[in-house]
Each structure stands twice: as C-alpha cells, then as structure tokens.
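Data block below; observations after.
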Amino acid sequence: MSGQEIVFALLGVVAVGSAILVVTTRQLVHAALWLVVSFGALAGGYLVLTAEFVAWVQVLIYVGAIVVLLLFGIMLTRAPIGESADLDSGNRWAALAVAAATAAVLVTVMVIGFRDTKMALDAGGGSAEELGAAVFRTWALPFEVLSVLLLASLVGAIVLSRSDIRTRPDVRTRPETGARPDEEGGA
Amino acid sequence: MLEVVGKLVLVAAAFALLPLLVGQAEHKVMAHMQGRLGPMYAGGFHGWAQLVADGVKFAQKEDVVPRDADRWVFKLAPGVAIVPYLLVLLVIPVGPGGQVALDLGPGIFFALAVMGVGVIGAIMAGWASANKYSLLGGMRVAAQLMSYELPMVFAASSVAMAAGTLSLQGVVEEWRWWWLPWQAIGAVVFFVAGLAELRRPPFDMPVADSEIIFGPYTEYGGLRFALFILAEYAGIVVLCALTTVLFLGGWKGPFLNTELGWLWTLIKVGVLAFCVIWLRVSYPRMREDQLQKLAWAWLVPLSLAQLALTGVLRVVT
Numbered sequence: 002m003s004g005q006e007i008v009f010a011l012l013g014v015v016a017v018g019s020a021i022l023v024v025t026t027r028q029l030v031h032a033a034l035w036l037v038v039s040f041g042a043l044a045g046g047y048l049v050l051t052a053e054f055v056a057w058v059q060v061l062i063y064v065g066a067i068v069v070l071l072l073f074g075i076m077l078t079r080a081p082i083g084e085s086a087d088l089d090s091g092n093r094w095a096a097l098a099v100a101a102a103t104a105a106v107l108v109t110v111m112v113i114g115f116r117d118t119k120m121a122l123d124a125g126g127g128s129a130e131e132l133g134a135a136v137f138r139t140w141a142l143p144f145e146v147l148s149v150l151l152l153a154s155l156v157g158a159i160v161l162s163r164s165d166i167r168t169r170p171d172v173r174t175r176p177e178t179g180a181r182p183d184e185e186g187g188a
Numbered sequence: 009m010l011e012v013v014g015k016l017v018l019v020a021a022a023f024a025l026l027p028l029l030v031g032q033a034e035h036k037v038m039a040h041m042q043g044r045l046g047p048m049y050a051g052g053f054h055g056w057a058q059l060v061a062d063g064v065k066f067a068q069k070e071d072v073v074p075r076d077a078d079r080w081v082f083k084l085a086p087g088v089a090i091v092p093y094l095l096v097l098l099v100i101p102v103g104p105g106g107q108v109a110l111d112l113g114p115g116i117f118f119a120l121a122v123m124g125v126g127v128i129g130a131i132m133a134g135w136a137s138a139n140k141y142s143l144l145g146g147m148r149v150a151a152q153l154m155s156y157e158l159p160m161v162f163a164a165s166s167v168a169m170a171a172g173t174l175s176l177q178g179v180v181e182e183w184r185w186w187w188l189p190w191q192a193i194g195a196v197v198f199f200v201a202g203l204a205e206l207r208r209p210p211f212d213m214p215v216a217d218s219e220i221i222f223g224p225y226t227e228y229g230g231l232r233f234a235l236f237i238l239a240e241y242a243g244i245v246v247l248c249a250l251t252t253v254l255f256l257g258g259w260k261g262p263f264l265n266t267e268l269g270w271l272w273t274l275i276k277v278g279v280l281a282f283c284v285i286w287l288r289v290s291y292p293r294m295r296e297d298q299l300q301k302l303a304w305a306w307l308v309p310l311s312l313a314q315l316a317l318t319g320v321l322r323v324v325t
C-alpha cells in the first residue's frame, strides 16, 4: 500500500466512525458536531483523490452552511445539554436495515462496475477547470435538470413559509382585509 | 524544504504579530476618535505594551468551566474558532513570484470554506456554555453566518469570473486598475459581509455586550477568552488581506511591484484594518431584523447584479 492509500483508508475509517457516532450518540448537538468531523474526513478523501475543488466546496457548503443550519434549527427548538432519552426513535432497526441495504447496493455497484481496476491519479484531474469543462460540455443536460429541481424546491420553500398565500378562501378575502401589517417582515 | 519551513515560520509570526498590531491600533485609534488618549503607561511609549500586559493577565487567570457546561465542547470551541484563520493566512499571497506559503489551485474557495468553519467555534461556545444569553448569542451567530455567507461567496465568485481563475495569486496577476470601478460593488459587498461574519460592530448583535453580555463568550475567562478575542483580530487581518488580494490588486502598487510587493500588500491591509476600526466607532449596532434585511434585501441582490455585470463585460470584451 502506498502512503496515499493508507491516508485514504484512515480518512474512510474516520468518516464512517464519526457517521456511526452521529446516529448513535444520545446528545443532539453532539450528533451535529460529529457530522462536521464526518464531512471533514470526506473532504480529506476527495483531496487525496486530487479532487481539490470538490473537497473545498464540500467544506464550504456542508460544514459551513448545512451544519450551521442544523445547529441553528436544533438550538431554535431545544438544545438540552446531556442525554435526552425521549429523542430516541422507534424506527432505529428499520433505519439500520435501510442503511445496510443502501450500502450493500452501492458496494455491489462499485464492485461489479470496476472489479479490481486501478486508475492512475493525475494531478489536476479534479481541478476547477476540468470539472467546469465536464459539467458544461458533457453533462450540461443533467446539470440543467438538477437546477430546475433545486428551483422547484426553492419555490416550494417560499410557498410553505409565506402565510398569506396558503388557502383559497384566504386569498379571496384578502382585498377586504387590506394589507397585513406583518407582510414586510417575512423571509 | 528550508524554504517551506521559512515560509511557515513567517506565517506563524504574522499570525502572532498582526492581530496584536490591529488590537493596539484599535485601542489608540478609537481613543483618539473619541477625544481620549487610550493606554499610555504600559511599556512607556504611548502604552505600546498594553496588549502584552493584557496577555499576561489572561494567562494568570483561573481556567473555569461552568458546572452544567458540556465540558469537551466548551473547551474545544476556542480552538475551532482560531485555527481556521491561521489556515487562511497560509494561502494569502503577499508578493509576486511565490511569496505565499501554500499556492492552492482553488484558493478562493479554500479561504471562504475555512473561514466558514471558524464560525462553528462561536456556535459551539454558545451552546456548550449552558447559559441562556450564550445560547441566544450562538443562535444569532448562526443566523448571521447563513445570511451573509451567500453574498460573500457571490462577490468572490465575481472576481474569480473576471480573472478566469480561482487561484488567489492568479487573481492578483490578472488584476488591472480599471477593476476598481468594475468590481466596486462586489468589493463593498464582500467587505461588509466579511465584517458581519466576524461579528464586528455595527454587526455585533450576536455578542452585544450591553444586552446579552458578550453572547457566546459570556462564560469564558482567562486564556480561552483571550483566544476568542485573538480570533476576532486575526479575522480582521484575514478579511482585510482577502479584500486586498481579491479587489485591491494585492501586491500591485504605483512602482517596484516585484521588490516592494509585500509592502504594498501590508499598506493596503493596514488601511482596510483602519476602516474596520473606524466603522466600529462611527456606527451604532444594527438590530437583528435590520441585519437580516441588509443581507437579503441589499447585499444578495447587489452581489447578483455585480455577477451579471462581470459576466456581461467578460463576454463582450
């Protein structure tokens, strides 16, 4: 094993280990913090595979935004220090089965698809230039489809969060009630 | 090998020295703007050793962890807050021809990503302190980061589009004087969003000392508190350096770019740091809803407009 492979394997162990801690810890905020470790190890894995750009975007989006959003949500509702037993879900065995099945499918696909082929890593193969060229030349259509999907969810989020466009009768009565005082403060 | 070690030593020295210089400058500039003298005794000459004395004082204090706090997270938080800024300093070029500790391809993304991680330190501190003021502060930190990260990334992307590269060195090499008016909106958005991410006044609602008693840092004392304060000043240095490199042409000055490049960089960083202090003295603290409104109703549209302007000019020329 080369040094690169050893580092990659270690990062994998850290990523999987912290991911397991995310779902088994009984302290809610610790789960979010272990998620940071897991994402960080994943970014390290990308780095070892020379996918520099993906690695830093992973840190920027997932650690810098998603986890912060999660922490914000947890703190907004309840953030007890110490164990909270009532947060355990009864679905844990079902979840375990689904997770194991997903992992099995993914591993099978990888094994069937690649067997024991070794691909040489060339430096700069995952740079922003290469990635941009691939996305906007070869994969332009899937990229656009994904963009539409994201746009749809964005519109959905706005519809869900706006209280003044919820039900039909409400819309009909609106001209009579006039503008609401809280219309400014949304978003 | 020797060169790398030398560069790392220089970065460590800059990390130890520049935040202290900014801190001392803040003491004196604030004082003079308010018609006071500021520290005058420590060290003899105009109180130059005030922050050294502060450091000694902090180091002597007892290390207290509140009984109900989450011990590990509480102790880890200052480290998470300060290390990212040290990492960002590694990729900031101070002069032409490899005067940078680590020349990363996607340098802009590295800097922005790592700066975002630093904020998690403050959120951890806010939650782990088991104090309702800290929790309020931590929530405000998170809300502020989420709204201001977006315009900051947009403004930086605009420069990357203009330069056609994500490397910080590449950006400075491509930079021309007419980028100043071209990227002016982006520069302002980037700087303002950066200030908000650092929670500097007037964006210091998360640490508002007069209402939530320094927010996430309420329960901290001694060295750990000092680390948070150091992180704030290191953040100022990093933000000013990034603004310099991205928008103000980095090492490019009126003459002798190759020989005096590092000096031009330092001068620009210094002027920007002065502006940071100036803003603190000039503006009252913004309310939480005003903060959110500024980010979503002004900075995001402005940065999108800057992106469009950059894109159009790039395609046309």
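In order, the protein sequence lines correspond to chains A and B. According to this note's numbering, the first sequence is numbered sequentially starting from 2. According to this note's numbering, the second sequence is numbered sequentially starting from 9. Where a beta carbon is used, it is the ideal one built from N, C-alpha and C, also for glycine.
As assigned by DSSP and simplified to three states, the class of residue i
i: A:Gly114; result: helix
i: B:Gln191; result: coil
i: A:Ala180; result: Bear in mind that a pLDDT of 47 at A:Ala180, under 50, signals an unreliable position, so the model cannot answer this.
i: B:Gly172; result: coil
i: A:Ala188; result: The predicted model places A:Ala188 with a pLDDT of 41, which falls under 50 and marks its position as unreliable; any figure quoted below should be read in that light. Here A:Ala188 sits in coil by DSSP.
i: A:Gln28; result: coil
i: B:Gln314; result: helix
i: B:Gly103; result: strand
i: B:Lys276; result: helix
i: B:Ala85; result: helix
i: B:Tyr228; result: coil
i: A:Thr51; result: coil
i: B:Glu219; result: coil
Alpha carbon of residue i to alpha carbon of residue j, nearest angstrom
i: A:Glu184; j: A:Ile159; result: For A:Glu184, the predicted model reports a pLDDT of 44, less than 50, meaning its position is unreliable; a value from the coordinates is still stated below. The alpha-carbon atoms of A:Glu184 and A:Ile159 are separated by roughly 14 Å.
i: B:Gly178; j: B:Gly113; result: 9 Å
i: A:Ala188; j: A:Gly45; result: Confidence is the limiting factor: at A:Ala188 the pLDDT is only 41, short of 50, which leaves the residue's position unreliable and the question unanswerable from this model.
i: B:Leu274; j: B:Ala168; result: 22 Å
i: B:Ser142; j: B:Lys83; result: 15 Å
i: A:Ser128; j: B:Gln68; result: 48 Å
i: A:Val58; j: B:Val64; result: 40 Å
i: B:Met147; j: B:Gly269; result: 41 Å
i: A:Val108; j: A:Leu34; result: 27 Å
i: B:Val246; j: B:Ala20; result: 13 Å
i: A:Gly91; j: A:Leu97; result: 11 Å
i: B:Glu181; j: A:Leu61; result: 25 Å
i: B:Met9; j: B:Val308; result: 44 Å
i: B:Trp56; j: B:Pro189; result: 38 Å
i: B:Phe66; j: B:Ala239; result: 15 Å
Per-residue contacts from residue i into chain B (C-beta, under 9 Å)
i: A:Glu194; result: This structure cannot speak to residue 194 of chain A, because chain A is shown only from 2 to 188.
Beta-carbon neighbours of residue i, restricted to chain A and to distances below 8 Å
i: B:Gly124; result: Val60, Leu61, Val64, Gly65, Ala66, Val69
i: B:Glu181; result: Within 8 Å Cβ-Cβ: nothing; B:Glu181 doesn't reach chain A, min ~16 Å.
Beta-carbon neighbours of residue i, restricted to chain A and to distances below 9 Å
i: B:Met169; result: Here the premise fails: no neighbours, minimum Cβ distance about 11 Å.
i: B:Gly129; result: What B:Gly129 touches in chain A: nothing, since even the nearest Cβ is about 11 Å away.
Any chain B beta carbon closer than 7 Å to residue i
i: A:Trp57; result: yes
i: A:Ile113; result: no
i: A:Leu36; result: no
i: A:Phe9; result: no
i: A:Leu72; result: yes
Any chain A beta carbon closer than 7 Å to residue i
i: B:Pro309; result: no
i: B:Trp190; result: no
i: B:Ala150; result: yes
i: B:Ala138; result: yes
i: B:Arg321; result: Per the sequence shown, residue 321 of chain B should be read as Leu rather than Arg. Taking Cβ atoms only, chain A never reaches closer than 7 Å to B:Leu321, which makes this a no.
i: B:Leu250; result: no
i: B:Leu174; result: yes
i: B:Asp71; result: no
Chain-ordered neighbours of residue i on chain B, where CB pairs are closer than 8 Å
i: A:Leu77; result: Met147
i: A:Leu48; result: Those within 8 Å of A:Leu48 in chain B number zero; the least Cβ separation is about 11 Å.
Contact list for residue i against chain B, beta-carbon separation under 7 Å
i: A:Leu97; result: Neighbours of A:Leu97 on chain B: none; closest Cβ ~27 Å, over 7 Å.
i: A:Ser128; result: Gly113
i: A:Phe137; result: Those within 7 Å of A:Phe137 in chain B number zero; the least Cβ separation is about 14 Å.
Proximal chain A residues relative to residue i, where beta-carbon distance stays under 7 Å
i: B:Ala121; result: Trp57, Val60, Leu61, Gly65
i: B:Lys153; result: The question names Lys, yet the displayed sequence has Leu at residue 153 of chain B. Under the 7 Å cutoff, chain A gives Val69.
i: B:Glu205; result: Under the 7 Å cutoff, chain A gives no residues; its nearest Cβ is about 10 Å from B:Glu205.
i: B:Asp62; result: By Cβ distance, chain A contributes nothing, its closest Cβ being about 31 Å from B:Asp62, past 7 Å.
7 Å Cβ cutoff met for residue i and residue j
i: B:Val149; j: B:Ala119; result: no
i: B:Arg295; j: B:Pro210; result: no
i: B:Gly243; j: B:Tyr93; result: yes
i: A:Ser39; j: A:Ala10; result: no
i: A:Ile55; j: A:Gln5; result: One point to set straight first is that residue 55 of chain A is Val, not Ile, in the sequence displayed. Not in contact: A:Val55 and A:Gln5 (Cβ atoms no closer than 7 Å).
i: B:Gly129; j: B:Ala170; result: no
i: B:Leu59; j: B:Gln32; result: yes
i: B:Pro27; j: B:Tyr225; result: no
i: B:Met38; j: B:Val289; result: yes
i: B:Leu310; j: B:Val200; result: no
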